[in-house]
Amino acid sequence: PEAQTNYMQIRESIVNCDDLCSLSTLTEENVLEVLRQRFYKHKIYTYANKILIAINPNKFLPVYYNPMYVKMYENQPLGKLSPHIFAIADVTFRAMLNRQANQCIVITGESGSGKTESSSYLIHCLTSLSQNMYSSGLERTILGSGPVLEVGHCYVMLLKPLM
Numbered sequence: 001p002e003a004q005t006n007y008m009q010i011r012e013s014i015v016n017c018d019d020l021c022s023l024s025t026l027t028e029e030n031v032l033e034v035l036r037q038r039f040y041k042h043k044i045y046t047y048a049n050k051i052l053i054a055i056n057p058n059k060f061l062p063v064y065y066n067p068m069y070v071k072m073y074e075n076q077p078l079g080k081l082s083p084h085i086f087a088i089a090d091v092t093f094r095a096m097l098n099r100q101a102n103q104c105i106v107i108t109g110e111s112g113s114g115k116t117e118s119s120s121y122l123i124h125c126l127t128s129l130s131q132n133m134y135s136s137g138l139e140r141t142i143l144g145s146g147p148v149l150e151v152g153h154c155y156v157m158l159l160k161p162l163m
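Structure, rendered in structure tokens:
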């Protein structure tokens, strides 16, 4: 009974783990189990400290992307709310304003992993955040970045190693 209770506690902590760095035992098996269990519960975002891991659900999850979520994550420290791409957008946007310096979000993954979808959600969130602070100049810049991101993606895919 005690071993089973301990197993259930460990399993529950794995399922509810928002940040992989908070695992008491950081092994490949535990990381994969956390991601697997979160995916089964439609929790497609997980942090690894300040890095957001997104697993493509291959279907639209409307609860994640309504305008209420943009507002909910606005001005919230990373980790206060459940992991979300809007949290990354907000933290990056605030860093740009506070530091008066360019910021960069790197999106990487295999073909079909959801990079384009993630980019469009980021652009949507950044546009919404910028509407509160600036005239349409910044908004136009953000919205105009979509085609550049796509061209860059295609270009990177065509690059061959020089060696």
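Letter 151 of the sequence shown, counting from 1, is numbered 151 in UniProt numbering, and no numbers are missing.
All residues carry an ideal CB built from backbone N, CA and C; glycine is no exception.
query: Reference GLN76, options GLY109, ARG99 and ALA95, closest by Cα; result: ALA95
query: The beta strand (DSSP E) enclosing THR46, as first and last residue numbers; result: 45-48
query: Inter-residue Cα distance where the pair is CYS125 and PHE86; result: 6 Å
query: Cβ neighbour criterion (16 or more within 10 Å) applied to CYS104; result: exposed
query: Rounded distance between the beta-carbons of LEU20 and ALA48, thought under 8 Å; result: 4 Å
query: Exposure label - ARG99; buried when at least 16 CB within 10 Å; result: exposed
query: VAL34 classed as buried or exposed, judged by whether at least 16 other C-beta atoms fall within 10 angstroms; result: buried
query: Cβ contact check for the segment 41-58 and the segment 23-30: 3 or more pairs under 8 Å; result: no
query: Where the beta strand (DSSP E) containing ALA54 begins and where it ends; result: 51-54
query: Residue from ASN16, LYS71 and MET72 with nearest C-alpha to TYR45; result: ASN16
query: Buried or exposed (CB count within 10 angstroms, at least 16 for buried), HIS42; result: exposed
query: Rounded C-alpha distance that separates ASP90 from THR108; result: 19 Å
query: DSSP three-state assignment for GLY109, whether helix, strand or coil; result: coil
query: Distance, LEU97 Cα to SER130 Cα; result: 10 Å
query: Buried or exposed (CB count within 10 angstroms, at least 16 for buried), TYR121; result: buried
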